[in-house]
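Below is one structure, written out as structure tokens; comments come after it.
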Amino acid sequence: MIVTKTREELEIMRRAALMVSKTLAMVAAEIKPGVTTLKLDTMAEEFIRDHGAIPGFKGLYDCPSTLLISPNEEVVHGIPKDVEIKDGDVLSVDCGAIVDGFYGDHAYTFAVGEIPQETQDLLDRTKNSLYLGIEQFRVGNRVGDVGYAIQNYCEGFGYGVVRELVGHGLGRTMHEDPQMPNYGKRGRGKKFVEGMTVAIEPMINLGTKDIKHYPDGWTIKTRDMKPSAHFEHDIAIVDGEPRLLSTFDYIYEVLGITSNEEDPYRWKD
């Protein structure tokens, strides 16, 4: 069942999402060769708690960490380890936080130093596909419209669109209805209504769409061991249109990136 939110609840969800946004920006400033992913996780937990929020992942489904950090061929759900980041890595960082009973949940994939152009293209295009999906998240459209937009764009470059992992509704629980696949057919699936909140999160592979699960019960990698990218935003439907609850602006401030990609979907107070 889809749980719609009041304007007051959306304001709380925005605070939760922005808590995640600020945490990802803090992490962005610390990502460099020689730093361990475990160190990043410790810093993120301290940052979230110091700001009066609760880590959203830690303990959820027995997750042992605040962040899920997935380098290179890891798609998602990588558990932070005492392993150093290397120059040339790509690093998907996924984070959740709870503020006043509501979840925020979003992700960004970082390039560490110089990476191959084909991998940079994968990151850029995966992020582009996120906004193509967001554009379709509006009253009257359906789940399949979002999935089709992402799939059609990414498969046009020969990328693998992961099937087993999907976006989701978001609210007082981390995973609400509806599921939000990154593939689909236009006009199919549940219809979008005012006050809906979802996390849209393309998980796109440089090679095959196929994945494999590792014995730790969490880590998921590409079957051909080629790089994967993952970007995620939290979005609400307000006055019939998509409005971002989360933002990459704090990350871009740290990285020195100028972008207007969020302008059509910015929250309106």
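With the first letter of the sequence shown counted as 1, position 165 gets the number 165 in UniProt numbering; the numbers rise by one all the way through. No residue lacks a Cβ here, since even glycine has one placed at the ideal position from N, Cα and C.
Here's a check: name, in chain order, each residue in its chain whose Cβ is nearer than 6 Å to the Cβ of residue i, leaving out the five neighbours to either side.
{"i": "residue 272", "result": "With the chain covering 1 to 269 only, the question about residue 272 has no answer from this structure."}
{"i": "Cys154", "result": "Ser129, Val161 and Ile204"}
{"i": "Lys212", "result": "Lys221 and Arg223"}
{"i": "Ala25", "result": "Tyr250, Ile251 and Val254"}
{"i": "Val3", "result": "Gly171 and Glu176"}
{"i": "Lys5", "result": "Gly195 and Thr197"}
From which residue to which residue does the beta strand (DSSP E) around residue i run?
{"i": "Asn205", "result": "Met203 to Asn205"}
{"i": "Glu84", "result": "That residue, Glu84, is in no beta strand (DSSP E); it is neither H nor E in DSSP."}
{"i": "Pro255", "result": "The sequence given here has Leu at residue 255, not Pro. Not the beta strand (DSSP E): Leu255 falls in the alpha helix (DSSP H), residues Asp249 to Leu255."}
{"i": "Ile69", "result": "Leu67 to Pro71"}
{"i": "His106", "result": "Phe102 to Ala111"}
{"i": "Ala97", "result": "Val90 to Val99"}
{"i": "Ser228", "result": "Ser228 to His230"}
{"i": "Glu262", "result": "Where Glu262 is concerned, there is no enclosing beta strand (DSSP E), given that its DSSP letter is neither H nor E."}
{"i": "Asp177", "result": "Glu176 to Met180"}
{"i": "His77", "result": "Note, His77: premise wrong, no beta strand (DSSP E); not H, not E."}
{"i": "Ile200", "result": "Thr197 to Ile200"}
{"i": "Ile2", "result": "Neither: Ile2 is in no beta strand (DSSP E) and is coded neither H nor E."}
{"i": "Lys58", "result": "Premise fails: Lys58 is in no beta strand (DSSP E) and is neither H nor E."}
{"i": "Lys212", "result": "Ile211 to His213"}
{"i": "Lys221", "result": "Ile220 to Thr222"}
Over what stretch of residues does the alpha helix (DSSP H) that includes residue i continue unbroken?
{"i": "Thr42", "result": "Thr37 to Asp50"}
{"i": "Ser21", "result": "Arg7 to Glu30"}
What is the DSSP secondary structure of residue i, counted as helix, strand or coil?
{"i": "Lys191", "result": "strand"}
{"i": "Glu118", "result": "helix"}
{"i": "Gly133", "result": "helix"}
{"i": "Cys154", "result": "helix"}
{"i": "Ala236", "result": "strand"}
{"i": "Arg142", "result": "strand"}
{"i": "Pro33", "result": "coil"}
{"i": "Leu245", "result": "coil"}
{"i": "Gly169", "result": "strand"}
{"i": "Gly160", "result": "strand"}
{"i": "Lys127", "result": "helix"}
{"i": "Ala53", "result": "coil"}
Enumerate in chain order the residues of its own chain whose CB-to-CB distance from residue i is below 7 Å, with the five nearest sequence positions on each side excluded.
{"i": "Met203", "result": "Val75, Val76, Val162, Leu165, Asn182, Ser228 and His230"}
{"i": "Arg172", "result": "Gly101 and Phe102"}
{"i": "Glu73", "result": "Lys221, Thr222, Met225, Lys226, Pro227 and Ser228"}
{"i": "Phe157", "result": "Arg125"}
{"i": "Arg186", "result": "Gly144, Asp145 and Tyr148"}
{"i": "Ala28", "result": "Phe110, Ile251, Val254 and Leu255"}
Assuming residue i contacts residue j (C-beta within less than 8 Å), just tell me the rounded distance between them.
{"i": "Ala111", "j": "Glu201", "result": "The Cβ separation is near 19 Å, so there is no contact."}
{"i": "Gly133", "j": "Val146", "result": "4 Å"}
{"i": "Ala138", "j": "Glu241", "result": "Here residue 138 is Arg; the residue named in the question, Ala, does not match the sequence. Going by Cβ atoms, the distance from Arg138 to Glu241 rounds to 5 Å, so yes, they are a contact pair."}
{"i": "Gly96", "j": "Met174", "result": "6 Å"}
{"i": "Ala16", "j": "Ile98", "result": "6 Å"}
{"i": "Glu118", "j": "Leu206", "result": "7 Å"}
{"i": "Asp41", "j": "Thr66", "result": "5 Å"}
{"i": "residue 271", "j": "Gly56", "result": "Absent from the model: residue 271. The displayed extent of the chain is 1 to 269, so no value can be given."}
Leaving out five residues before and five after residue i in sequence, what residues of the same chain have Cβ atoms less than 8 Å from its Cβ?
{"i": "Trp218", "result": "Cys63, Leu68, His77, Gly78 and Ile79"}
{"i": "Asp216", "result": "Ile79"}
{"i": "Tyr214", "result": "Ile220 and Lys221"}
{"i": "Met1", "result": "Asp177"}
Counting beta carbon pairs with one atom in the segment 34-43 and one in the segment 244-261, are three or more of them shorter than 8 Å?
no
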